[in-house]
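**Q** Protein sequence lines, in the order shown, are assigned to chains A and B. Under our numbering, the residues of the first sequence are numbered 1 to 379, in order. Under our numbering, the residues of the second sequence are numbered 1001 to 1123, in order.
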Amino acid sequence: MSDDGKNLKLPLDAWHRDAGARMVGFAGYEMPIQYEGIMAEHQWTRENAGLFDVSHMGQLGLSGEGVAEALEKIVPGDISALKAGKMRYSLLLAHDGGVLDDMMITNTGRGLYVVVNGAVKHEDIAYMRGELPDGITLNHMEDAALLALQGPKAADALARIGIAPKEEGWPLPIDLYFMEAGPFDWNGVPLGISRSGYTGEDGFEISVPNEHAEALATALCAEPEVKPIGLGARDSLRLEAGLPLYGHDMDPSVDPVEGNASFAISKVRREEGGFHGAERILTALADGPARKLTGFTIDGKMPVREGAQIFDGGRQVGVITSGGFAPTVGQPIAMGFVETALAKVDGKLEAEVRGKRVPLTITKMPFVPNGYHRRGKAK
Amino acid sequence: MSRYFTEEHEWIDVDGESATIGITDYAQEQLGDIVFAEVPASGTELAKGGDAAVVESVKAASDIYAPVSGTVSEGNSMLEEDPALINGDPEGDGWFFRMTLSDASELESLMNETAYKAFCESL
């Protein structure tokens, strides 16, 4: 948000409006919630490819001698082992081990490129600047937009618009595997592209200078597989993919183990610790957490949403943190925190919605199988 | 039969003491894809401005308020099976409930079609 409290405009603001978007305030920006409708956009992305403007997210460049080791104080991932062209999901940790944000960290070969959530990016930047030693430079890349091209046909579309490796020795974008990234050139425009995203589908995230964002979005949407997709479908897609949304499914009161993000705590870091809250987090890893982020399928048609209390008989045992109708699943789904002892797949609990009890079935996440283009996976 | 509108984007068809209530095309367009609706049971007493029904889109739940006071005579059971009727035919088959009015003078504060159209254009 700007200093006068108004929502800021994205570099693609006019482009979204021309494409028929309905704009809403989100994370301090006016953002497209939908174009033709959330259900149609959701299905289109699952079957073809959707273009999402996620320029509200914070893109940060970290550089300096020992940057990976320095960052390891505030994230639990093995960043110093991350090779050039590889990326990793990680968590920004408060001093007590609570999660301040989740983030993607890429080793660009020249430093680290970090993408953080839009709603907390200014807090993240201030915190990181305070925590990192003086020799480390943090550059908030406000001159770049971020587009996500997601869906089973994303690679087909991206292959056709004439993107080349920026330097010798780097692959083409479509030769990247899931969680790999590189520098590219599109008609003289520098692009940073990673094979990643937040829909559960194969896809790419593309960092592009603001002044070229419109041309890139137009070129991608000229491909027959690609339509612009709003925030509404982004939320239903990520929920079906079992991916937590920071500020809803994770917040500073949640530690990574409870938050189902133990995978983000690298093996060597489990042995050596040395990150904020290591004692709490490693104890939770060893003993198991008291509560756990859990997936639910709802019997019937009534959505169960954030804030609904979860009951086991008369006893409250948890709370829903995200929920809604899942277009691909064809029924409502949700995620929420529940006592670990009760978090067993196929277990039955109830949620309370408007004074009524709604049956919940604990369901393994993701709710919809993911389509990531993993290295070593047969086509 | 006369049709009235509210600032909450409901329409009310009044025929003598009986009224049919639904949401307008403008409202369904704003809500987007509707995935669930809960309508009041027959016999429910409604007070003007009180909660009457719930409609949920993919994104959010919204309350539907009683535009006038009265007693529900019928909820639209078709919405339970096919909530998308509200998107497809909001001012026809996608009606929410029927009621018997208890105070017809409450209709005087509602808008007619021309006034409602002007109201939507002012938003």
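Backbone N, C-alpha and C define an ideal beta-carbon position, used for all residues, glycine too. All values reported here derive from a predicted model rather than from experimental measurement.
Assuming P76(A) contacts F263(A) under a Cβ cut-off of 8 Å, what Cβ separation, rounded to an integer in Å, is found between them?
**A** Residue 76(A) sits at position 76 when you count from the first residue of the first sequence. Residue 263(A) sits at position 263 when you count from the first residue of the first sequence. Contact doesn't hold; Cβ gap of about 10 Å is too wide.
**Q** What residues of chain B sit near I161(A), judged by a beta carbon separation below 7 Å?
**A** Within the first sequence, the letter at position 161 stands for residue 161(A). Ordered by position in chain B, no residue passes the 7 Å Cβ test against I161(A), which lies about 31 Å from the chain.
**Q** Just to confirm the assignment, what range does the alpha helix (DSSP H) spanning T137(A) have?
**A** Indexing the first sequence from 1 puts residue 137(A) at position 137. Premise fails: T137(A) lies in the beta strand (DSSP E), T137 to H140, not in any alpha helix (DSSP H).
**Q** For chain A, find out if any of its Cβ atoms is closer than 8 Å to the Cβ of A1066(B); answer yes or no.
**A** In the second sequence, the residue the question calls residue 1066(B) occupies position 66. Not closer than 8 Å to any Cβ of chain A, the Cβ of A1066(B) fails to qualify, so no.
**Q** Mind checking if K379(A) is an interface residue toward chain B, Cβ cutoff 8 Å exclusive?
**A** Sequence index remark: in the first sequence, residue 379(A) carries index 379 (1-based). Note on K379(A): pLDDT 48, under 50, position unreliable in the model; no value is reported.
**Q** Within 8 Å (strictly less), CB to CB, does G1032(B) reach chain A?
**A** Position 32 of the second sequence, counted from the first residue, corresponds to residue 1032(B). With 8 Å as the cut-off, G1032(B) counts as an interface residue toward chain A.
**Q** Using a Cβ-Cβ cutoff of 8 Å, what residues of the segment 1046 to 1061 of chain B are near chain A? List them in chain order.
**A** For the segment 1046 to 1061 of chain B, which is checked against every Cβ of chain A, the residues closer than 8 Å are V1054, E1056, S1057, V1058, K1059, A1060 and A1061.
**Q** Taking the continuous alpha helix (DSSP H) assigned at Y127(A), which residues delimit it?
**A** On the first sequence, residue 127(A) is found 127 positions in, with the first residue counted as 1. Looking at the DSSP string, the run of the alpha helix (DSSP H) that includes Y127(A) is K121 to E131.
**Q** Is F1036(B) close to chain A? Criterion is C-beta to C-beta, closer than 8 Å.
**A** One-based indexing of the second sequence puts residue 1036(B) at position 36. Cβ-Cβ to chain A under 8 Å: yes for F1036(B).
**Q** Go ahead and label S266(A) buried or exposed: buried means 16 or more other beta carbons lie within 10 angstroms of its beta carbon, across all protein chains shown.
**A** Residue numbering aside, residue 266(A) sits at position 266 when the first sequence is read from its first letter. Classification of S266(A): buried, given that the 10 Å Cβ count is 16 or more.
**Q** Determine which residues of the segment 33 to 49 of chain A have a Cβ less than 7 Å from any Cβ of chain B, and write them out in chain order.
**A** Answer in chain order: Q34, G37, I38 and M39.
**Q** Against chain B, with Cβ distances strictly below 8 Å, would K301(A) count as a contact?
**A** Sequence index remark: in the first sequence, residue 301(A) carries index 301 (1-based). Chain B, which has a Cβ nearer than 8 Å to the Cβ of K301(A), makes this yes.
**Q** Can you tell me where the beta strand (DSSP E) with N210(A) in it begins and where it stops?
**A** By one-based count along the first sequence, residue 210(A) stands at place 210. No beta strand (DSSP E) contains N210(A), which is instead part of the alpha helix (DSSP H) from N210 to C221.
**Q** Am I right that L285(A) and R270(A) are in contact with their C-beta atoms under 8 Å? What's the rounded C-beta distance?
**A** Here residue 285(A) refers to the residue found at position 285 when the first sequence is read from its first residue. Here residue 270(A) refers to the residue found at position 270 when the first sequence is read from its first residue. Yes, L285(A) and R270(A) are in contact; Cβ-Cβ is about 7 Å, under 8 Å.
**Q** Please go through the same chain and pick out, in chain order, the residues whose beta-carbon is closer than 7 Å to the beta-carbon of P173(A), but skip the five residues on each side of it.
**A** Residue mapping note: residue 173(A) aligns to position 173 of the first sequence, counting from 1. Answer for P173(A): L158, I163, F184, I193 and F204, listed in chain order.
**Q** Do S298(A) and P332(A) have their C-beta atoms within less than 8 Å of each other?
**A** The count along the first sequence starts at 1 and reaches residue 298(A) at position 298. The count along the first sequence starts at 1 and reaches residue 332(A) at position 332. Correcting the residue type first, residue 298(A) is Ile in the shown sequence and not Ser. Their beta carbons are under 8 Å apart, which means I298(A) touches P332(A) by this criterion.
**Q** As a quick exercise: from R357(A), G324(A) and F367(A), pick the residue whose alpha carbon is nearest that of K1059(B).
**A** For the purposes of this step, residue 1059(B) is taken as the residue at position 59 of the second sequence. Residue G324(A) is the option with its Cα nearest to K1059(B).
**Q** So, is the C-beta of R357(A) closer than 8 Å to a C-beta in chain B?
**A** Here residue 357(A) refers to the residue found at position 357 of the first sequence. For R357(A), the answer is no, since every Cβ of chain B falls outside 8 Å of its Cβ.
**Q** Applying the criterion that 16 or more other CB atoms from any shown protein chain within 10 Å of the CB defines a buried residue, is H95(A) buried or exposed?
**A** Mapped onto the first sequence, residue 95(A) falls at position 95. Exposed, because fewer than 16 other Cβ atoms sit within 10 Å of the Cβ of H95(A).
**Q** Find the residues of chain B that neighbour R305(A), judging by a C-beta separation of less than 7 Å, and give them in chain order.
**A** Residue numbering aside, residue 305(A) sits at position 305 when the first sequence is read from its first letter. In chain order: A1061.
**Q** So, do the segment 36 to 49 of chain A and the segment 98 to 105 of chain A have three or more beta carbon pairs nearer to each other than 8 Å?
**A** Segments in contact, no.
**Q** From G288(A), L8(A) and W15(A), pick the residue whose C-alpha is nearest to that of G230(A); which is it?
**A** Looking up residue 230(A) in the first sequence gives position 230. Nearest C-alpha to G230(A): W15(A).
**Q** I'd like the span of the alpha helix (DSSP H) that includes F1005(B), first residue to last.
**A** As a first step, residue 1005(B) is located in the second sequence; it is residue number 5 there, counting from the start. Note, F1005(B): premise wrong, no alpha helix (DSSP H); beta strand (DSSP E) at S1002 to F1005.
**Q** Evaluate contact between the segment 56 to 64 of chain A and the segment 109 to 128 of chain A, counting only Cβ atoms and requiring at least three cross-stretch pairs below 8 Å.
**A** Yes, they touch.
**Q** Checking contacts by CB at 8 Å: is R17(A) closer than that to chain B?
**A** Walking along the first sequence from the start, residue 17(A) turns up at place 17. False, the Cβ-Cβ gap to chain B never drops below 8 Å.
**Q** CB V54(A) to CB A148(A), shorter than 8 Å?
**A** To locate residue 54(A), count along the first sequence from 1; it is residue 54. To locate residue 148(A), count along the first sequence from 1; it is residue 148. Yes. Within cutoff.
**Q** If you run the structure through DSSP and keep just helix, strand and coil, what is F1119(B)?
**A** As a first step, residue 1119(B) must be located in the second sequence, where it is residue number 119. Of the three classes helix, strand and coil, the one that applies to F1119(B) here is helix, per DSSP.
**Q** If we define contact as Cβ-Cβ less than 8 Å, is R238(A) a contact residue for chain B?
**A** For the purposes of this step, residue 238(A) is taken as residue 238 along the first sequence, with counting starting at 1. Not an interface residue.
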